[in-house]
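Scroll down for the structure; my scribbles are underneath it.
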């Protein structure tokens, strides 16, 4: 990733996915390329077309706060996406973080004590550092369970496991984009993005959109090979005192068929006692 071009790539991606109607413009017919024209963005942001073109091409790297604010309004950016754009425009040298690899025994004991709640501990790049037995059983059909991004883009089981595959994949890529904004020189990030880009056309497609979003509470649909369909609420919590670790839980509504399915899955995965 060339940090000098990332702002321009972000702006171009936002322009290409935005419709004239979303920008409050009259759509007067078919367009040769998707999204808004550069001159339309420039007009809405009250800058010259030449200046905006230089921004997209990476020849103008120091836009003012006023310009960034105007572009955020034109593109309807969320607060997280706006902060990401500012970070790309004014990158700050930050100390490189060591990979967070240690999960405390207390945290492991906590998640192991949840019999009907699958739980994972992941680092900032979605590497899975720990999982309780129910999470192991839930993702048992995947060949490689070391990273949530590799699972969804590189494992053949993902398309069947996630009925709403596109939604889940887009959410994970948008979160990685958010992380990438503050870790552009992290070799772990470069290696992961390079691997996924090389092996998955779908990752390349979604990565090129430059969507930015934090992990939020969302309902996920899953289809397990043994217990069938599940509807689980995904909650993500930051782990205090850690360097980027997150606790991910998958909760079933009490009394629901999904809760019964998780209980069945837990019993199937339980070791047989002699």
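In my numbering, the protein residues as written are 1 to 274.
Glycine included, C-beta positions come from ideal geometry on N, C-alpha and C.
For this session: Please name the residue in 69, 58, 138 whose C-alpha comes closest to that of residue 229.
Result: Of the candidates 69, 58, 138, the one whose C-alpha sits nearest the C-alpha of residue 229 is 138.
For this session: Can you tell me which of the three DSSP states residue 23 falls into?
Result: Under the three-state reduction of DSSP, residue 23 is assigned to coil, being neither helix nor strand.
Exercise. Rounded C-beta distance between residue 221 and residue 235? I'm assuming under 8 Å.
Worked result: That belief does not hold up - the Cβ atoms of residue 221 and residue 235 are roughly 16 Å apart, past 8 Å.
For this session: With a floor of 4 residues, list each alpha helix (DSSP H) that falls wholly inside the stretch 215-269, ordered by position along the chain.
Result: For secondary structure counted as the alpha helix (DSSP H) over 4 or more consecutive residues, the stretch 215-269 holds these complete runs in sequence order: 257-269.
Exercise. Mapping DSSP to helix, strand and coil, what is residue 6?
Worked result: Residue 6: helix per DSSP, three-state reduction.
Problem set entry | Residue of 32, 252, 41 minimising C-alpha distance to residue 76 | For residue 76, the nearest C-alpha among the options comes from 41.
Exercise. Between the C-alpha atoms of residue 15 and residue 264, what's the straight-line distance to the nearest angstrom?
Worked result: Their backbone Cα atoms lie some 48 Å apart in a straight line.
Exercise. With a cut-off of 8 Å, do at least 3 Cβ pairs link the stretch 197-207 to the stretch 234-254?
Worked result: Segments in contact, no.
For this session: Taking 8 Å as the cut-off, decide whether the C-beta atoms of residue 148 and residue 128 are in contact.
Result: Residue 128 is positioned such that its CB atom lies closer than 8 Å to that of residue 148.
For this session: Hey, could you find the ends of the beta strand (DSSP E) residue 149 is sitting in?
Result: Boundaries for residue 149: no beta strand (DSSP E) harbours it, while the alpha helix (DSSP H) harbouring it runs 148-154, taken from the DSSP string.
Exercise. CB residue 52 to CB residue 38, shorter than 8 Å?
Worked result: Cβ atoms of residue 52 and residue 38: closer than 8 Å.
For this session: Could I get the ranges of all uninterrupted alpha helix (DSSP H) runs contained in the stretch 74-141, with 4 residues as the minimum, in chain order?
Result: Those alpha helix (DSSP H) runs which fall completely within the stretch 74-141 and span 4+ residues are 79-89, 105-112, 133-138.
Problem set entry | Close Cβ partners of residue 46 (< 8 Å) along its chain, the five nearest in sequence each way excluded | The answer, listed in chain order, is 70.
Problem set entry | Delimiting residues of the alpha helix (DSSP H) encompassing residue 36 | Counting along the chain, residue 36 falls outside any alpha helix (DSSP H), and DSSP gives it neither H nor E.
Exercise. Residue 243: which of 223, 123, 146, 64 sits nearest, CA to CA?
Worked result: Comparing alpha-carbon positions, the option among 223, 123, 146, 64 lying closest to residue 243 turns out to be 123.
Exercise. Considering only residues of the same chain and omitting the five flanking positions on each side of residue 5, which have a CB-CB separation below 6 Å?
Worked result: Same-chain partners within the cutoff: 58.
Exercise. Which residue from 223, 73, 206, 246 puts its Cα closest to that of residue 102?
Worked result: Cα-wise, what sits closest to residue 102 is 246.
Exercise. Is the Cβ-Cβ distance between residue 44 and residue 23 less than 8 Å?
Worked result: In this structure, residue 23 lies closer than 8 Å to residue 44 by Cβ.
Exercise. How is residue 208 classed by DSSP in three states: helix, strand or coil?
Worked result: Coil at residue 208, not helix or strand.
Problem set entry | C-alpha gap between residue 91 and residue 125, whole angstroms | Rounded to the nearest angstrom, the two C-alpha atoms are 20 Å apart.
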